[in-house]
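Worksheet: one structure, shown below.
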Amino acid sequence: MKKFLSILMVFLMIGLVAVSGCADTTEDTATDSEDVAENVTEDAEHAAENVTEDVADVAENVTEDVEMAAENVTEDVEMVAENVTEETAANDTATE
C-alpha cells in the first residue's frame, strides 16, 4: 500500500510541475502577444508615414508638371499672337 501511495505521489508531483510549466508558458504567450501587437502598430505607423510622404511627392511632381505645362501654353499663345500681329502688319502694308 505504501508503494502505491508513493507512486501516486510521484504522479501528482509530475502533474503539478506540468501545470506550473503551462502557467509560465501562458505568461510568455501573453507577453509575446503584446510584443506582436506593438510591432504591428509600429509597422502600421511607418506604413502610414511612407504613404503620406509618397502622396506629398506625387503632389509636388504634379504641381511642377502643371506649372511647366502652363508655361509652355503661355509661350505658345505668345508666339501665335506675335505671328498673327506680324501677318496682320504684313497684310496691312501689302494692301496699302
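Numbering of the sequence shown is given in the working numbering, commencing with residue 19 and proceeding in unit increments. Cβ coordinates follow ideal geometry from the N, Cα and C atoms, glycine included. Predicted model only: the values in this text are computed from it and were never measured.
Euclidean distance between Cα positions of residue i and residue j
i      : j      : result
MET88  : THR70  : For clarity, residue 88 is Ala in the given sequence; the question names Met instead. About 27 angstroms.
ALA55  : ALA66  : 16 angstroms
VAL58  : SER51  : 10 angstroms
ALA108 : VAL98  : 15 angstroms
VAL95  : GLU85  : 15 angstroms
ALA77  : ASN101 : 36 angstroms
VAL37  : ALA62  : 37 angstroms
ASN68  : MET31  : 55 angstroms
MET19  : MET27  : 12 angstroms
ASN90  : THR111 : 31 angstroms
GLY33  : PHE22  : 17 angstroms
VAL80  : ASP53  : 40 angstroms
ASP75  : HIS64  : 16 angstroms
ASP72  : GLU82  : 15 angstroms
THR106 : THR92  : 21 angstroms
Own chain, CB closer than 6 angstroms to residue i, minus 5 neighbours either side, in chain order
i      : result
THR103 : none
SER24  : none
*What residue ranges within the segment 49 to 89 form continuous alpha helix (DSSP H) runs of no fewer than 4 residues, ordered along the chain?*
none
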